[in-house]
Amino acid sequence: MTKKEVFEEINRIQDSYVEELIELINDPEYEKMKAISFTSPTGTGKTKMMAKLINKCPQFYYIVTTLSKGQLHIQLRNSLKQDCKQNNFTVYGSSDYRINSLLEAEDIINRIPVNSKCIWLRDEGHIKTSRYEELLENVCYKIINFSATNINSDIVCNFTQTMMLRTVNQTNGSPTDAINKLIQIKRIHKDISNYNPCAIFRCVGGDQDLIDDIIRLCKRNKLNYINITDEKFDMADLCRDDNKYDVIIKKFKLVEGIC
Numbered sequence: 740m741t742k743k744e745v746f747e748e749i750n751r752i753q754d755s756y757v758e759e760l761i762e763l764i765n766d767p768e769y770e771k772m773k774a775i776s777f778t779s780p781t782g783t784g785k786t787k788m789m790a791k792l793i794n795k796c797p798q799f800y801y802i803v804t805t806l807s808k809g810q811l812h813i814q815l816r817n818s819l820k821q822d823c824k825q826n827n828f829t830v831y832g833s834s835d836y837r838i839n840s841l842l843e844a845e846d847i848i849n850r851i852p853v854n855s856k857c858i859w860l861r862d863e864g865h866i867k868t869s870r871y872e873e874l875l876e877n878v879c880y881k882i883i884n885f886s887a888t889n890i891n892s893d894i895v896c897n898f899t900q901t902m903m904l905r906t907v908n909q910t911n912g913s914p915t916d917a918i919n920k921l922i923q924i925k926r927i928h929k930d931i932s933n934y935n936p937c938a939i940f941r942c943v944g945g946d947q948d949l950i951d952d953i954i955r956l957c958k959r960n961k962l963n964y965i966n967i968t969d970e971k972f973d974m975a976d977l978c979r980d981d982n983k984y985d986v987i988i989k990k991f992k993l994v995e996g997i998c
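Okay, so the sequence shown: first residue is 740 according to the numbering used here, each after it adds one.
Printed below as a string of structure tokens:
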């Protein structure tokens, strides 16, 4: 499969899951269900699927929230501006709205057009955002939790029929299994120019031994790695097809809350 064919297949799969999401939004049986959990592995294009939803359902207004760390909110905002046909959305970072901040609750609510139903798209929806929940839960028609790690899911995206070019999705097994899988993927796609497959390790809690093990494996196999726990990174650069890293490590604090 060529790179072009892979991304064409990914695009078709994304379209099918967005259509499934729209069916749930419009399903009378889901009328009283406020939240819908949309689970898709890291690297499968959640932002692209958000844009597809916004374009396919322009009758709604969308409030989009994501993390502020690593300029994620800026990256998400720029991506949606590029892909969305109408200006019917606003993107906020997790630190944009807080008590005594310049961004007041009224500023957020007043952006919603009169007589328009609002849908709240929560990027990284498994992470608690209590300040936004208190503000938006009773205002929005629907809440869509986009995440790779939703515990309960209404839609689970399966991209296994297409070999992902950016991320190796190895949710089960040991770090050794994941690294071996990554090396296998690299061999398969070695002839594709300007493309470097990478694996993302999402480590929860204080298991430093696990992170040390991952780093040892990277060094042993001569893989370039980056630990983005300290937040000193630009996620847009890490998401480039030709990024220089083979492994990305992210340690989540328990207080960030996976729910």
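Beta carbons: idealized from backbone N, C-alpha and C, even for Gly.
Computed from a predicted model, the values in this text were never measured in an experiment.
When C-beta atoms of the segment 913–931 are compared with those of the segment 879–889, fewer than three pairs fall below 8 Å, so the two segments do not count as touching. For G784, no pairing in a beta bridge is given by DSSP. For L860, the pairing in a beta bridge is given by DSSP as V803 and I883. When C-beta atoms of the segment 766–774 are compared with those of the segment 843–851, fewer than three pairs fall below 8 Å, so the two segments do not count as touching.
In this chain, S818 is not harboured by any beta strand (DSSP E); it is covered by the alpha helix (DSSP H) spanning L811 to D822.
In chain order, T786 place their CB closer than 6 Å to the CB of S818, counting only its own chain and leaving out the 5 sequence neighbours on each side. The beta carbon of Q753 lies closer than 7 Å to those of G784, K787, M788 and K791 in the same chain, with the five residues before and after it left out.
The beta carbon of P914 lies closer than 8 Å to those of F940, L949, D952, I953 and L956 in the same chain, with the five residues before and after it left out.
Secondary structure at T778: strand, using DSSP grouped into helix, strand and coil. Taking C-beta atoms as the reference points, S833 and T804 count as a pair closer than 8 Å. The C-alpha of H812 is placed about 19 Å away from the C-alpha of K990.
In the three-state reduction of the DSSP assignment, V853 falls in the coil class. Collapsing the DSSP output to three states places Y769 in a helix. For Y831, the CB contacts under 6 Å within the same chain, skipping 5 residues up- and downstream, are T804 in chain order.
Linking N919 to E873 through their CA atoms gives a straight-line distance of about 44 Å.
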